[in-house]
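In the numbering used here, the protein residues as written are 1 to 677. Ideal Cβ positions, reconstructed from N, Cα and C, are used throughout, including at glycine. Since we're looking at a predicted model, the values are computed, not measured. Read the structure below first, then the notes.
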Amino acid sequence: MQKKIKPTNRYESNNFLKREKDLFYSLSDKNPNQIKTKDFKNALLKSGLKSNDNRLYDLFRKLDSSENEIYFKDFIKIISSSELLVEKALRGELALPDFSDFSKSVDEMYDDVIKNKSGELASYIPPLAKVDPNQFGISIVTIDGQIYQRGDCKVDFSLQSMCKPFNYCLALEKFGLELVHKHVGQEPSGRQFNDLTLLTRSLEGKSNKKLTRIPFNPMINAGAIMTAGLINSEDTYEKRLNFIKEQYGKLIGWSANGKFESKFPRFNKDVAREENFTGYNNLAIGYLLMATGNLPGKKNKLKKDKNTSKNEFDFYIEPTVTDALKLYFSVCSLEMTATEVAMAAATLANNGVCPVTQSRVFNQKTVRDCLPILQSSGMYDASGAFFQEVGLPAKSGVGGGVFFVVPQLMGICIFSPRLDEQGNSVRGIEMAKRITSKYLVHIFDGAMTNADRVDPRIPISKWRANSCGEAIWAASIGDIRTLERLASEQKDLGIGNSDMRTPLHLAAAEGQLEVVQFLLEQGVKLVPDRWGGYGYFDAKNNNHKKILKVLDKLNIKFLKPKHLVEEPNGETDEVAKYDDELMVSELLFAAAGNDITRIRQLIAKGIPVHAGNFDSRTALHLAAAEGNLETVKLLINYKHPINVRDRWNSTPSDEAKREKRLAVYNFLKTLKPKNKS
Ligand code: GLN
C-alpha cells in the first residue's frame, strides 16, 4: 500500500497567512470574516487596473461567478494566480499609488486644454487634412498596467513619425548600436523634420581618412528612411511590413489570445499611396541617401532595356531607394489608438517589457539607447526647448499623435491633430507642459528639493508625512545637523503635521533649547497648532524654563491653547504603538483628509487602526476633529477603541465637541455604553 503524504498547504501555515489576511481585512466592512465581491472589484478598478488586463482576466471571471460575499478561503483561491499584483493594488503600491487623484488632475487639465483650438492640420498628406480637427484623446499607461483614458483615446490615427523610434529599436536589436550608427547619426539636427541636410562624418580608414555623409539622427525623415532601409532589407516588402506590424503588436499589448483591448496594427494603404504621390521631398532624401552609398539594399541593376528603340532607353529607378521609401511610407501609415501608443510608450518606460502581457519586446540596452535620442531629437527642431521645459523623451507625428516616456513610471499618448509650426500637436505639447508643471516627472527634477510640485510615485498622505516627518523627528530629539541640512535644502521647517504641530512645538515640548534657537534664527514663523498653541505651553507644561525665556523675548502674547476634556476620569482605552512612525503619521493625514482608500491600503499593509503618534493622537481623533463621519464609521467598523486619549487627555468625542462636529459627536455618543442611572 502506498503511504499517504499529507500535502503541505501554505494557507494553513500562519506565517504566510498574515499578508493575505491583512489584504482581506482591508476590504471588509462590519463583518471581518467576509468581504463584498463588488467592493473587491471596485478596489482593483479604482487602483487603475482593468478587467481586460491579461493578468487579471481569470480573477475577474472568478469574481463574476462568485456570490455577493466572499470568505477568506475563497479569497485566497481567487487571488492565487495574480497575488502580487492584487497585493500591490490593495496596498497602494502600484506605480501611481493615488490613481484616482492623479486621474482627477489630468481630467482637469484635459478640460482646460480642450479649449485650445490653435494650430493647423497637416495638409501635405491629403488624407491627414481630412480628419476631424477637434478630436482630442489622452491615455496614460503605467509600468504596472494602470490605465487612464479620456476623450478620443480609442480613435485610430495615423502614426506618421511616431513609428521612427520603434523602427530605430528594431534596427538596434538586429544590428547593434555600432553598425546602425555607421548609417545614421546620433546628433540633433536643429532642422525641420524633412530637411535635406546631412551630417558629415569621417570614416576611419586604414591609410586615408574618408568623409561620408549620414542623416543626423533616426528621428528626422532622412534618418528614418535610412532605418527603414536597414530593417530586414533582404526580405520582400510584404514580409518586412508584416514583421514590423507583429513587433508593434507586441509593443502595444496585442497578443493572439489576449483579452486586452489592443488590436493588431492596421495599415492604411490610402495614406501610404498619397504619401507616395506627394512626398517629393522624401523621394529626394531617398536618392540623396543612395548617393552617399550608405543606404543598404539589393543593388541589381537591369542588364538590358526592354524598349528596343535605338533612340531611347528605359529610365531606371533605383529599387533600393523605392524599397526603403515604400516601407517607410507604409509604416508611417500604420494606425493605432492613443491607448495603444501609450502602451507602447509604457513598454519603453518599463525597459522593454510590455506591462499588460509581461513579455519582453526590446532588450533593456535597446531601450536605453533609444530614449536619449528621443530626448534630443524626438520633437524635431523644438526638441531642445521641449526637453528643457518638459524634461521627457517624446515623439510626435504629423498625424496629431505625440507620446512621452516617463522612465520607470509611465507612457503617455495624446492625440489631437492640430499642429504647431514644427509639426507637433498643440494640445499634446500643452498637456505635457501641464503634467510636468504639476508633477515631479521631469527627468532632472531630482535636482529640485524644495519643489511645491507633487511626486506621483508617492501617495499624497505619505508625501505629507514625509515632508514634515523628518524635521519634526529631528527637532524632538535635538538633531541640529539634520535640521541644518534640511534648511540648506530649502525645506520648510515650519511645516506641521495633521494637527499643525511643527518642529518648534515638538522642540519646545521636549526641551530642545538649541533647536528652538536654531529654528528662530532660521526665521521659522510661529504658527498655532490645532488648539491655538504656539509651543509656549508645551514648554510650560513640561517645565522647560530656558525655552520659556527665549520665547518670552519674542514679545508675543501667547494665548492658552484650548483643549477640551469632558470626562477627565472617564474610561481610557489604549493607543496602539507602531514602530513605523512615518506610517502612523500618514494614517493620521489620511484620516484628516477623509481618504478612505488610503486608510484601507494602510490597513492592508498591516497597521493597527488605533496606532498613535508622539502626541498620542490617533486616526479617530483626527477624523473626529475634522468631522469626517465616513472615516469615523470606517474606523469604528475596524474596532478602533473610542476612549483613546491624546497628550492632553482628550478623546475623539472631545475633539468632535470642541470643533462642533455635531454629526460625529452624536454618532460617537451612540456607541458609549449607556450610563446606569
Ligand atoms: N510620413 C511623414 C513624412 O515623411 C512623417 C512626418 C512626420 O510625422 N513628422 O513627411
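* In the structure shown, what three-state DSSP assignment does Leu635 receive? -> Looking up residue 635 in the sequence shown gives position 635. Helix at Leu635.
* Proximity below 8 Å, CB of Phe667 to CB of Val644 -> Counting from one through the sequence shown, the residue named residue 667 turns up at place 667. Counting from one through the sequence shown, the residue named residue 644 turns up at place 644. Going by beta carbons, Phe667 and Val644 fall outside the 8 Å limit.
* To do: Under 6 Å Cβ to Cβ from Arg213, same chain only, skipping five residues before and after it: list those, please.
  => Counted from its first residue, the sequence shown places residue 213 at position 213. Its chain contains Leu198, Thr200 and Thr292 as the residues whose beta carbon lies nearer than 6 Å to that of Arg213, once the 5 sequence neighbours on both sides are disregarded; these appear in chain order.
* Asked: Going by the C-beta, is Pro398 closer than 7 Å to any heavy atom of the ligand GLN?
  -> Along the sequence shown, one-based indexing puts residue 398 at 398. According to the sequence as given, residue 398 is Val; it is not Pro. Val398 has its CB nearer than 7 Å to a heavy atom of the ligand GLN.
* Whose C-alpha, out of Asp74, Met109, Asn116 and Glu67, is nearest the C-alpha of Val426? -> Walking along the sequence shown from the start, residue 426 turns up at place 426. Measuring from the Cα of Val426, the nearest candidate turns out to be Asn116.
* Phe40: buried (16+ other C-beta within 10 angstroms of its C-beta) or exposed? -> Working through the sequence shown from its first residue, we reach residue 40 at position 40. Residue burial is scored here from C-beta neighbours: Phe40 has at least 16 other C-beta atoms within 10 angstroms and is therefore classed as buried.
* Boundaries of the alpha helix (DSSP H) in which Met410 is found, first to last residue -> Here residue 410 is taken as the residue at index 410 of the sequence shown, counted from 1. Taken as a continuous stretch (DSSP letters only), Met410 belongs to no alpha helix (DSSP H), being part of the beta strand (DSSP E) at Met410 to Phe415.
* To do: Within its chain, find whatever has a CB closer than 7 Å to the CB of Leu662; leave out the 5 residues flanking it on each side and keep chain order.
  => By 1-based counting over the sequence shown, the position of residue 662 is 662. No residues qualify anywhere along the chain.
* What's the call for Thr572, buried or exposed, on a 16-neighbour Cβ count within 10 Å? -> Translated into positions along the sequence shown, residue 572 becomes position 572. Counting the other Cβ atoms within 10 Å of the Cβ of Thr572 gives fewer than 16, which makes it exposed.
* What residues in its chain sit with their C-beta under 7 Å from that of Asp654, if we drop five residues either side in the sequence? -> Translated into the one-based positions of the sequence shown, residue 654 becomes position 654. Leu564, Val565 and Glu566.
* Asked: Within this structure, are the beta carbons of Tyr248 and Pro265 separated by less than 8 Å?
  -> Indexing the sequence shown from 1 puts residue 248 at position 248. Indexing the sequence shown from 1 puts residue 265 at position 265. For Tyr248 and Pro265, yes; Cβs fall inside 8 Å.
* Asked: Just how far apart, CA to CA, sit Pro680 and Ile460?
  -> Shown here, the chain extends from 1 to 677; a query on residue 680 therefore has no answer.
* Where His621 and Cys413 are concerned, what is the direct C-alpha to C-alpha distance, given to the nearest angstrom? -> Here residue 621 refers to the residue found at position 621 when the sequence shown is read from its first residue. Here residue 413 refers to the residue found at position 413 when the sequence shown is read from its first residue. For His621 and Cys413, the distance between alpha carbons rounds to 43 Å.
* Cβ shell of Tyr11 (< 6 Å), same chain only, five flanking positions each side left out -> Counting from one through the sequence shown, the residue named residue 11 turns up at place 11. Unreliable positioning characterises Tyr11 in this predicted model, as indicated by a pLDDT of 48, which lies under 50. The coordinate reading is nonetheless provided below. Taken in chain order, the residues that qualify are Ile76.
* Identify whether Lys263 lies in helix, strand or coil by the three-state DSSP scheme. => The residue you call residue 263 lines up with position 263 of the sequence shown. Here Lys263 sits in coil by DSSP.
* Which one or two residues does DSSP pair with Gly401 in a beta bridge? -> Numbered from its first residue, the sequence shown carries residue 401 at position 401. Under DSSP, Gly401 forms a beta bridge with Phe415.
* Asked: CA-CA distance, Val356 and Leu56?
  -> On the sequence shown, position 356 is the one that residue 356 refers to. On the sequence shown, position 56 is the one that residue 56 refers to. Put simply, the backbone Cα of Val356 is about 9 Å away from that of Leu56.
* By Cβ distance, which residues of its chain are closer than 8 Å to Asp29, with the 5 residues on each side in sequence left out? -> What you label residue 29 is simply residue 29 of the sequence shown in a count that begins at 1. Answer for Asp29: Ile35, Lys36, Asp39 and Asn637, listed in chain order.
* Assuming Leu526 contacts Leu548 under a Cβ cut-off of 8 Å, what Cβ separation, rounded to an integer in Å, is found between them? -> For the purposes of this step, residue 526 is taken as the residue at position 526 of the sequence shown. For the purposes of this step, residue 548 is taken as the residue at position 548 of the sequence shown. The Cβ separation is near 14 Å, so there is no contact.
* Taking only the alpha-carbon atoms, compute the straight-line gap between Phe260 and Gly253 and give it to the nearest angstrom. => Position 260 of the sequence shown, counted from the first residue, corresponds to residue 260. Position 253 of the sequence shown, counted from the first residue, corresponds to residue 253. So the alpha carbons of these two residues sit roughly 7 Å apart.
* Asked: Which whole-angstrom value is the C-beta distance of Ser330 and Leu241, which I expect to be below 8 Å?
  -> In the sequence shown, the residue the question calls residue 330 occupies position 330. In the sequence shown, the residue the question calls residue 241 occupies position 241. With 8 Å as the limit, Ser330 and Leu241 qualify as a contact, their Cβ atoms being about 5 Å apart.
* Starting from the C-beta of Ala590, find all residues in its chain whose C-beta is less than 7 Å away, skip the five residues before and the five after it, and write them out in chain order. => For the purposes of this step, residue 590 is identified with residue 590 of the sequence shown, where counting begins at 1. Correct list, in chain order: Ser461, Arg598, Ile599 and Leu602.
* Cβ neighbour criterion (16 or more within 10 Å) applied to Pro393 -> As a position in the sequence shown, residue 393 is number 393, starting the count at 1. Buried.
* Asked: Could you give the residue range of the alpha helix (DSSP H) that holds Tyr328?
  -> Taking the first residue of the sequence shown as 1, we reach residue 328 at position 328. Pro319 to Cys332 is the span of the alpha helix (DSSP H), which, as asked, contains Tyr328.
* Cα-Cα separation between Gly593 and His442, rounded to whole angstroms -> Counting from one through the sequence shown, the residue named residue 593 turns up at place 593. Counting from one through the sequence shown, the residue named residue 442 turns up at place 442. His442 has its alpha-carbon roughly 28 Å from the corresponding atom of Gly593.
* Supposed contact pair Gly378 and Lys395 - C-beta distance, whole angstroms, cut 8 Å -> For the purposes of this step, residue 395 is taken as the residue at position 395 of the sequence shown. For the purposes of this step, residue 378 is taken as the residue at position 378 of the sequence shown. Correct: roughly 4 Å between the Cβ atoms.
* Taking buried to mean at least 16 other C-beta atoms within 10 Å of its own C-beta, is Tyr71 buried or exposed? -> Counting from one through the sequence shown, the residue named residue 71 turns up at place 71. When all chains shown are included, Tyr71 counts as exposed.
* **Contact check, Phe403 vs Met162, beta carbons under 8 Å** => Position 403 of the sequence shown holds residue 403. Position 162 of the sequence shown holds residue 162. Contact flag set, yes.
* **Any non-hydrogen atom of the ligand GLN closer than 7 Å to Thr279 Cβ** => For the purposes of this step, residue 279 is identified with residue 279 of the sequence shown, where counting begins at 1. The sequence shown places Gly at residue 279, not Thr. Yes, Cβ of Gly279 sits closer than 7 Å to a heavy atom of the ligand GLN.
* Asked: Taking 7 Å as the cut-off, does the CB of Gly229 come closer than this to any heavy atom belonging to the ligand GLN?
  -> The residue you call residue 229 lines up with position 229 of the sequence shown. Every heavy atom of the ligand GLN is 7 Å or more from the Cβ of Gly229, so no.
* Taking 7 Å as the line, does the beta carbon of Gly423 fall inside it for any heavy atom of the ligand GLN? -> Indexing the sequence shown from 1 puts residue 423 at position 423. Yes, Cβ of Gly423 sits closer than 7 Å to a heavy atom of the ligand GLN.
* Below 7 Å CB to CB, which residues in the same chain sit around Asp369 once its five sequence neighbours on both sides are set aside? => Your numbering for residue 369 matches position 369 in the sequence shown. Setting aside the 5 residues that flank it on each side, Asp369 is surrounded in the same chain by Leu172 and Leu177, each with a C-beta closer than 7 Å to its C-beta; the list follows chain order.
* Residue(s) in a DSSP beta bridge with Gln34 -> Looking up residue 34 in the sequence shown gives position 34. BP columns for Gln34 point to Tyr71.
* Between Leu493 and the rest of its own chain, which residues show a CB-CB distance below 7 Å, the 5 nearest in sequence each way excluded? -> On the sequence shown, position 493 is the one that residue 493 refers to. A distance below 7 Å between beta-carbons, with the five flanking residues on each side excluded, links Leu493 to the following residues of its chain, in chain order: Ala471, Leu483, Leu486, Ala487, Pro503, Leu519, Gln522 and Val524.
* Asked: Is Gln422 helix, strand or coil when you go by DSSP?
  -> For the purposes of this step, residue 422 is taken as residue 422 along the sequence shown, with counting starting at 1. Three-state DSSP puts Gln422 in coil, outside helix and strand.
* Proximity winner among Glu187, Ile220, Leu203 and Lys174, relative to Asp195 (alpha-carbon distances) -> What you label residue 195 is simply residue 195 of the sequence shown in a count that begins at 1. When each option's Cα is compared against that of Asp195, the closest is Ile220.
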